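Residue numbers (mature numbering (1 follows the signal peptide of the UniProt record, and there is no 0)): -17 to -1, 1 to 198.
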């Protein structure tokens, strides 16, 4: 059971970890397509990176990160200043794309010295912190129970993701059908216009030839 739980937890992990470089006061944003009522957590760490030496430098004191989360309706879900590393949380209120922006508060980078900040970011969708719960477990039964609860949460999140994608697919299909219908009617209207113009031109030429007594 423990082996099965571990393997399933590994297979169903819904996280995205990566890093990127930013300059001083440079904002970077990522877009996450999230179902409604879904917990999102993000863990980040700032390191000052020397592009010339390809090595880390000692971070400037007071280094921090502004984290802002908004929806496409400009609803602000999170806006907070963190330290050089931390974890932020927010819950989506409606399905759709959410914009996660990170901006350093540093103004002490050397502009032309090849020094930038490397941001390590790990985004987790619909997951709770399992390690902290396991660390507080008093025996193996509780540990397995916590793992099973975590696995159930992941499975529920996968079902929620599938339902959300199914709804989006249905919406896209309806939009495509409406577009195809509009294109068909527009083609039919163009054909009628061309036929009408052709009939008008023939009648006009016929009347012109009769008026000039050419026929």
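A virtual CB, placed ideally from N, CA and C, is assigned to each residue, including glycine.
The model shown is predicted, which means the values in this text are computed figures rather than measured ones.
Reduced DSSP category for residue i - H, G, I as helix; E, B as strand; rest coil
i           : result
residue 95  : Caution is warranted here: a pLDDT of 40 is assigned to residue 95, below 50, making its placement in the model unreliable, and the coordinate value is therefore given only provisionally. The answer is coil: DSSP assigns residue 95 none of H, G, I, E or B.
residue 196 : coil
residue 21  : coil
residue 7   : coil
residue 187 : helix
residue 58  : coil
Unbroken beta strand (DSSP E) run spanning residue i, endpoints
i          : result
residue 47 : From DSSP, residue 47 is part of no beta strand (DSSP E); its letter is neither H nor E.
residue 11 : 10 to 17
residue 89 : Run containing residue 89: none; DSSP gives neither H nor E here.
residue 66 : It is not in any beta strand (DSSP E) - residue 66 carries neither H nor E in the DSSP assignment.
Classification of residue i by the beta-carbon crowding that lies within 10 angstroms, buried from 16 upward
i           : result
residue 8   : exposed
residue 171 : exposed
residue 6   : exposed
residue 188 : exposed
residue 31  : buried
residue 108 : buried
residue 175 : exposed
residue 85  : buried
residue 89  : buried
Sequence-distant residues of its chain with Cβ nearer than 7 Å to residue i (five each side left out)
i           : result
residue 3   : 11 and 102
residue 147 : 18 and 78
residue 1   : 104
residue 56  : none
Same chain only: Cβ atoms within 6 Å of residue i, ignoring 5 sequence neighbours per side
i          : result
residue 64 : 47 and 49
residue 51 : 62 and 84
8 Å CB neighbourhood of residue i in its chain, flanking five on each side removed
i          : result
residue 80 : 14, 15, 16, 17, 54 and 55
Tell me the start and end of each unbroken alpha helix (DSSP H) in the region 132 to 183 that is at least 4 residues and wholly inside, in chain order. none
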